[in-house]
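Visitor: As numbered in the UniProt record's numbering, residues 179 to 391 make up the sequence shown, in order. Cβ coordinates follow ideal geometry from the N, Cα and C atoms, glycine included. Before anything else, here's the structure in question.
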Amino acid sequence: NNNTLLKGKKILITAGRTEEPIDPVRYLSNRSSGQMGYSLAKAAVKMGGQVTLISGPTNLEIPEGLKEFVQVRSAQEMYEAAIKVFSSVDIAVACAAVADYKPKTYSTEKIKKKDEDLTIVLDRNPDILFEMGKLKKNQYLIGFAAETQNIIENALGKLKKKNLDMIVANNAHNMQKKTNEILIIKDKNNIKELPEESKEKLAYSILNEINLK
Ligand code: C5P
């Protein structure tokens, strides 16, 4: 598995969840552990890549051998970090579970409880992968699709909409697990289903599917 397919190639990987602050002590987030993205970063290093890992909060150790590690918290911060390096990379992998929405306003003081209901209005976050797809020149662009239904149909829609070269579709229920069951999709006639495997092993399978021009 330790090939040199990515020798000298610059790779951007987004990983982990984002946290969208509500007030100084509260945030909106999701259950992503970051394991798939960190496994991809480790595999890409082993395969000779120069890896920039842009990560939201996780409980994981920073992989060794990275070119750069960028710690971010919110989707907006992840977006800015990703766009900054995107034009200089050969490959970008968007593995992060980015919050689609953020609270419209941030309260600088802790919100006090009242007797009435509380409404939090949400604003759309930037779609980092969609924006990279728009900026794409020669980069090989990989996205993920975590679905709970109509996996292939939804993934094909995202492949096209976000201008991707490959999309890795998986069942959203595997988000916190050490293993995953994935489909590697390059177009509707090029779909590979992989058996359940550790995220470490799947990372190599995914990166080995990259066809650089
Ligand atoms: O549209 P959806 O969120 O299902 O697409 C998932 C893919 O898009 C993943 O690769 C994820 O990392 C990326 N994404 C992103 N920025 C967002 C939302 C999703 O980069 N705001």
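Since G321 is in the alpha helix (DSSP H), which residue starts that stretch and which ends it?
Guide: Here G321 belongs to no alpha helix (DSSP H); instead the beta strand (DSSP E) covers Y318 to E325.
Visitor: So, for A259: in the same chain, excluding its five sequence neighbours on each side, which residues have a beta-carbon less than 8 Å away from its beta-carbon?
Guide: I232, V248 and V250
Visitor: Restricting to runs no shorter than 3 residues, where is the beta strand (DSSP E) found entirely within the segment 347 to 391?
Guide: 360 to 365 and 368 to 371
Visitor: From which residue to which residue does the alpha helix (DSSP H) around K314 run?
Guide: First-last for K314: undefined, no H or E at that position.
Visitor: Relative to ligand 1, is the shortest distance from any of its heavy atoms to the C-beta of D343 smaller than 7 Å?
Guide: no
Visitor: Since I believe N368 is in contact with A275 (beta carbons under 8 Å), could you give me their beta-carbon distance rounded to a whole number of angstroms?
Guide: The pair is not a contact, with the Cβ atoms about 25 Å apart (cut-off 8 Å).
Visitor: How about I363 and M344: do their beta carbons lie closer than 8 Å?
Guide: yes
Visitor: Under the criterion of a Cβ to heavy atom distance below 7 Å, does D278 qualify as lining ligand 1?
Guide: yes
Visitor: Does DSSP put S211 in a helix, a strand or coil?
Guide: coil
Visitor: Would L218 and I191 be called neighbours here (beta carbons separated by less than 8 Å)?
Guide: A Cβ-Cβ contact shorter than 8 Å links L218 with I191.
Visitor: Do F264 and ligand 1 come close, with the Cβ less than 7 Å from some heavy atom?
Guide: no
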